[in-house]
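Here the protein sequences line up with chains A and B, keeping their order. Residues 923 to 1132 in the numbering used here are what the first sequence spells out, letter by letter. Residues 2 to 207 in the numbering used here are what the second sequence spells out, letter by letter.
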Amino acid sequence: MNARQFASDETLAGFASGRLDEGMALVVAAHVEMNRDSARALREIEAIGGGVLARGEAVPMLTSAEDALARIEETADIAAAPSQPPRDGGLPRVLAPYELGKWRPIGRGVAMRRVHVPGAEARVFMLRAAPGTWLPEHRHTGNEWTTILSGAYEHEYGRFGRGDFDEANEDHEHHPHVDAVEGCTCIVALTGEVRFKGWLGRMLQPLVRL
Amino acid sequence: MFATPETGLTRRTPVNAGVRRGSNTVPMDADALVQAIASSADRQAFARLFDHFAPRVKGLLMRGGTPADLAEELAQETLMTVWRKAALFDPTKAGAGTWIATIARNLRIDHARREKRVRLSRVFEILEEESPEQPDQVVSGSERDARVRDALTSLSKDQYKVVELAFLEGFSHQDVATRLSIPLGTVKSRLRLAMAHLRRHLEDLR
């Protein structure tokens, strides 16, 4: 049951409603962009939102369609929609609005890159690990959500490849092993505390707490 | 198990079924109205969409805790966005009702976090622009919407409430349990049954 490589309905619903923390939401968005099943599940959940809107009680408006048209004409010049951001070296498009830090090595085949999400509770970063690396064993006091951008890793709860979503909560203690051939690049959002074990963990500790 | 509540049919809001005009019921095709705005800046089409959807968006926002003044403002902005982005409306992705609900959601996000310079609504726009429908997936979004609306009418009142809080408001299962003062297990089982029911209605569309 634990080995699910896609976002749960609960997670997708939190995402679809806009209620999720922006950092966590960004990692879900990367997964939805890369995974067709979750994209479809999201559209179904949005359709439920549309259905609830259609059935819901109406509250009379104080303003009319004419008022809205008048305001539209007033602001017609600033109506241009933003253009689709270009893909940046295989990064998910949903990352385009965010500022990314530089890749920096943090030891033994692992590099990290911060994703700046102003105002988010979660810390968001990308990790790139060389083929065959063992990431430090750790457990959580909060949530750790991961979307695999390329390559794969495996741990106690299953194997996670490109586009997969790994939803770990405080009950999880895991020790990911990176694919021996492809390596792995992923984007991670963390809330709460992460407790690492071992030397690499001690190096990561101050970084993920920033 | 999925007993139709006695209010099921009478409470149903006739989006595509018709709008009342005096004593007449004029069929309303919301998708076509959005497309009329896109193709010919049709102000009458806009007025019909506004009259139908703006009060519902306002009601939806108020049920979610938005104060009336702000709900009015966001409902107006939602319909203004419908006018501006009508050309981007793609009925293969979602029907007009769902599209409008997502616009309202994005505006609510923008407003709630304006001071934090939030980018999340942009993320939703990118996801929507993303993924041109696959050839084997040419499902009409409007058809999906209609099926979902049908399925919603046959949920029990209790199931509907849980679906609304979990899927529209986006509360965690634990928060839904707390708000309704029912056990977490009950929330989970109602949602599981409701989702199975909704997905059965969509099965052949997949």
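Idealized CB from N, CA, C, for every residue including glycine.
Leaving out the 5 sequence neighbours to the left and right, which residues in its chain are closer than 7 Å to residue i when beta-carbon positions are compared?
i                      : result
residue 953 (chain A)  : 929, 960, 1069, 1085 and 1087
residue 1117 (chain A) : 1060 and 1061
residue 927 (chain A)  : 1080, 1082, 1086 and 1087
residue 107 (chain B)  : 122 and 125
residue 199 (chain B)  : 149 and 152
What three-state label does DSSP hand residue i in the structure shown?
i                      : result
residue 1070 (chain A) : strand
residue 1114 (chain A) : coil
residue 156 (chain B)  : coil
residue 1017 (chain A) : helix
residue 1088 (chain A) : strand
residue 1025 (chain A) : coil
residue 1104 (chain A) : coil
residue 1079 (chain A) : coil
residue 71 (chain B)   : helix
residue 983 (chain A)  : coil
residue 1109 (chain A) : strand
residue 89 (chain B)   : helix
residue 1039 (chain A) : coil
residue 25 (chain B)   : Residue confidence for residue 25 (chain B) is low, a pLDDT of 39 falling below 50, so the modelled location carries little weight; the figure read from the coordinates is stated next. Correct three-state label for residue 25 (chain B): strand.
residue 993 (chain A)  : helix
residue 57 (chain B)   : helix
residue 1097 (chain A) : coil
residue 95 (chain B)   : coil
residue 941 (chain A)  : coil
residue 962 (chain A)  : helix
residue 64 (chain B)   : helix
residue 168 (chain B)  : helix
Between the beta-carbon of residue i and the beta-carbon of residue j, is there less than 8 Å?
i                      : j                      : result
residue 964 (chain A)  : residue 984 (chain A)  : no
residue 49 (chain B)   : residue 29 (chain B)   : yes
residue 1075 (chain A) : residue 1103 (chain A) : no
residue 226 (chain B)  : residue 34 (chain B)   : Summary: the structure shown does not reach residue 226 (chain B), with chain B confined to residues 2 through 207, and so no result is reported for it.
residue 203 (chain B)  : residue 145 (chain B)  : yes
residue 188 (chain B)  : residue 174 (chain B)  : yes
residue 1030 (chain A) : residue 1055 (chain A) : yes
residue 167 (chain B)  : residue 88 (chain B)   : no
residue 57 (chain B)   : residue 972 (chain A)  : no
residue 1113 (chain A) : residue 1044 (chain A) : yes
residue 32 (chain B)   : residue 97 (chain B)   : yes
residue 1037 (chain A) : residue 1048 (chain A) : yes
residue 969 (chain A)  : residue 82 (chain B)   : no
residue 1063 (chain A) : residue 1095 (chain A) : no
Using a cut-off of 8 Å between C-beta atoms, extract the partners of residue i located in chain B.
i                      : result
residue 984 (chain A)  : 73
residue 968 (chain A)  : 95, 99, 102 and 103
residue 994 (chain A)  : 81, 84 and 85
residue 1111 (chain A) : The contacting residues do not exist; residue 1111 (chain A) stays about 13 Å from chain B at best.
residue 941 (chain A)  : 170, 171 and 172
residue 1115 (chain A) : Within 8 Å Cβ-Cβ: nothing; residue 1115 (chain A) doesn't reach chain B, min ~20 Å.
What in chain B is Cβ-close to residue i, meaning under 7 Å?
i                      : result
residue 979 (chain A)  : 60
residue 1072 (chain A) : Going along chain B, no residue has its Cβ under 7 Å from residue 1072 (chain A), so there is no contact; the nearest lies around 18 Å.
residue 1144 (chain A) : What is shown of chain A runs 923 to 1132, which leaves residue 1144 (chain A) out entirely.
residue 931 (chain A)  : 196
Note down, in chain order, every chain A residue with its Cβ under 7 Å from the Cβ of residue i.
i                     : result
residue 144 (chain B) : Result: empty, since nearest Cβ-Cβ is about 10 Å, beyond 7 Å.
residue 35 (chain B)  : Within 7 Å Cβ-Cβ: nothing; residue 35 (chain B) doesn't reach chain A, min ~13 Å.
residue 56 (chain B)  : 980, 981, 982 and 983
residue 52 (chain B)  : 987
residue 48 (chain B)  : 987
residue 164 (chain B) : 970
Which residues in chain A sit within 9 Å of residue i, going by Cβ to Cβ distance?
i                     : result
residue 160 (chain B) : Those do not exist, as residue 160 (chain B) stays about 12 Å from chain A at its closest Cβ, beyond 9 Å.
residue 128 (chain B) : 951, 954, 955, 961, 964, 1015 and 1016
residue 66 (chain B)  : Chain A residues near residue 66 (chain B): none, gap ~11 Å exceeds 9 Å.
residue 153 (chain B) : 970, 973, 974, 976 and 977
Which chain A residues are close to residue i, counting only those with a beta carbon under 8 Å from its beta carbon?
i                     : result
residue 149 (chain B) : 966, 969, 970, 972 and 973
residue 110 (chain B) : 940
residue 63 (chain B)  : 981
Using a Cβ-Cβ cut-off of 6 Å (strictly less than) and excluding sequence neighbours within five positions of residue i, which residues of its own chain qualify?
i                      : result
residue 875 (chain A)  : Residue 875 (chain A) lies beyond the stretch modelled for chain A, which goes from 923 to 1132, so this question has no answer here.
residue 156 (chain B)  : 195
residue 1091 (chain A) : 1065
residue 946 (chain A)  : 1044, 1067 and 1111
residue 72 (chain B)   : 59, 62 and 63
residue 1023 (chain A) : 1035 and 1036
residue 46 (chain B)   : 34, 37 and 38
List the residues of chain B that residue i touches, going by C-beta distances under 9 Å, in chain order.
i                      : result
residue 1022 (chain A) : Within chain B, no residue comes near residue 1022 (chain A); the closest Cβ sits about 13 Å away, beyond 9 Å.
residue 1057 (chain A) : Here the premise fails: no neighbours, minimum Cβ distance about 27 Å.
residue 1051 (chain A) : Neighbours of residue 1051 (chain A) on chain B: none; closest Cβ ~26 Å, over 9 Å.
residue 1102 (chain A) : None at all; the shortest Cβ gap to chain B is about 32 Å.
Could you pull out every residue in the same chain whose Cβ sits closer than 8 Å to the Cβ of residue i, ignoring the five residues on either side in sequence?
i                     : result
residue 159 (chain B) : 191
residue 938 (chain A) : 964, 967, 968 and 971
Could you check whether the Cβ of residue i sits closer than 7 Å to any heavy atom belonging to the ligand NAD?
i                      : result
residue 1103 (chain A) : With respect to small molecules bound, the structure shown includes none, and the ligand NAD cannot be examined in it.
Given a limit of 8 Å on CB to CB distance, which residues of the stretch 1059-1070 of chain A reach chain B? none
So if I threshold CB-CB distances at 8 Å, which residues from the stretch 175-204 of chain B count as touching chain A? 192, 196, 199, 200 and 203
Residues in the stretch 1019-1047 of chain A with C-beta within 7 Å of chain B's C-beta atoms, listed in sequence order? 1019, 1020, 1040 and 1041
Can you list, in chain order, the residues of the stretch 1079-1095 of chain A whose Cβ is nearer than 8 Å to any Cβ on chain B? none
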